[in-house]
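Contents: one structure, followed by commentary.
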Amino acid sequence: MLQPFKIAVGTSDEHSVCDHFARSSAFIVHELHEGRIVSTDIRRRGTDACGNHVSFLDLLAGCSVVLCGGISENMEAFLTTHGIESVVADGKHSVAEAVKLYIAGKLPTTSRRSCICH
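For the sequence shown, the positions run 3 to 120 when the working numbering is used.
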């Protein structure tokens with residue numbers, strides 16, 4: 003039996019996976035239980051939170067995984083030290099599609115996981 007866990011998806015329009023973690027204006031958080039979504043919450047960033055690692059940690063509280071389109075090495079390391087795995091999707095995906103593919107173990111990811119912009 004799979005344990006419940008939460009997965010966050012970075013988005014800038016609440017429909018598609020944002021191309022870069024730090025550009026996400028919100029995170030759509032799905033609670034999963036036995037491979038099914040049991041609840042969904044939208045956590046929006048404050049406009050004054052740019053580059054603030056702690057503010058991201060607050061938004062991702064309780065999440066085990068965050069899906070995004072790119073992430074800096076520093077942020078990836080920061081999240082990892084706080085028990086949050088970052089998964090970088092390869093290509094453009096809607097939030098719903100990315101979560102569905104992730105649950106099925108079929109989300110295409112990229113080995114070019116990180117940018118070096120931060």
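Glycine included, each C-beta is placed from N, C-alpha and C at the ideal position.
Selected residue, minimal CA-CA separation from R47, among T13, E99, G37, D92: As a position in the sequence shown, residue 47 is number 45, starting the count at 1. Checked all of T13, E99, G37, D92; the closest Cα to R47 is T13.
field: 8 angstroms CB neighbourhood of G85 in its chain, flanking five on each side removed
entry: Within the sequence shown, numbered from 1, the residue matching residue 85 stands at position 83. Only S66 meet the Cβ criterion.
- prompt: Are H95 and V40 closer than 8 angstroms when you measure CB to CB?
  reply: Here residue 95 refers to the residue found at position 93 when the sequence shown is read from its first residue. Here residue 40 refers to the residue found at position 38 when the sequence shown is read from its first residue. Cβ atoms of H95 and V40: not closer than 8 angstroms.
query: Start and end of the beta strand (DSSP E) containing F29?
result: For the purposes of this step, residue 29 is taken as residue 27 along the sequence shown, with counting starting at 1. Run containing F29: 28-35, per the beta strand (DSSP E) assignment.
task: Please look up how many angstroms separate the CB atoms of S88 and I105, rounded, as I've assumed it's under 8 angstroms.
output: Here the question's residue 88 lines up with position 86 in the sequence shown. Here the question's residue 105 lines up with position 103 in the sequence shown. That belief does not hold up - the Cβ atoms of S88 and I105 are roughly 17 angstroms apart, past 8 angstroms.
message: Classify H17: buried if its beta carbon has 16 or more other beta carbons within 10 angstroms, exposed otherwise.
response: If you number the sequence shown from 1, residue 17 lands on position 15. Classification for H17: exposed.
message: On a Cα-Cα basis, can you pick out the residue from E78, R25, G64 that is closest to L34?
response: By 1-based counting over the sequence shown, the position of residue 34 is 32. The shortest C-alpha separation from L34 is found at G64.
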